[in-house]
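Written below as structure tokens is the structure these notes are about.
Residue numbers (my numbering): 67 to 209.
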């Protein structure tokens, strides 16, 4: 009885050791392509796409415009920003986020969608508490 249990355990272990490398293979084999050699899996052949690389280089060349510090001339260079909108942006400073251009009704949402990748809102202070004090809602004067 013990001999039979030992024999079954030995056979099961041997089968497990022989089958495991088949599942851990680096190659993908398609059953439809019997005559072609196996190809490497996508994880093994990870090469950057040239189109994506070109877009990344182009994005690195673009200088972001700071809405908290840009002049009216710099703001007017942005797509969809007119002279009056540039003045509104300057008057509404400081901004905690570039999304405040829309939430504070400075520019239209359609214009914002076109320039949100071109602008940033740099914070004047390194300390977050000091910056939060700048953006706190102004309370009404006491009577």
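Ideal Cβ placement from N, Cα and C applies to all residues, glycine included. This structure is a prediction, so every number in the text was calculated from the model and none was measured.
For residue 148, there is no enclosing alpha helix (DSSP H), since its DSSP letter is neither H nor E.
Between residue 133 and residue 156, the gap from beta carbon to beta carbon reaches 7 Å or more.
Per DSSP, the continuous alpha helix (DSSP H) segment holding residue 142 begins and ends at 138 to 142. Residues 133, 182, 185, 186, 187 of the same chain have their beta carbon placed closer than 7 Å to that of residue 164, with the five preceding and five following residues left out of the count. Using a Cβ distance threshold of 7 Å, residue 177 and residue 135 do not count as a contacting pair. Annotation: the continuous alpha helix (DSSP H) that includes residue 181 extends over 175 to 181.
In the structure shown, residue 118 falls within a helical segment according to DSSP collapsed to helix, strand and coil. Setting aside the 5 residues that flank it on each side, residue 131 is surrounded in the same chain by 140, 141, 143, 144, 184, 185, 186, each with a C-beta closer than 8 Å to its C-beta; the list follows chain order. According to DSSP, residue pairing for residue 185 in a beta bridge involves 131.
Residue 151 is classed as buried because its beta carbon has at least 16 other beta carbons within 10 Å across all chains shown. Between residue 170 and residue 158, the C-beta spacing is below 7 Å.
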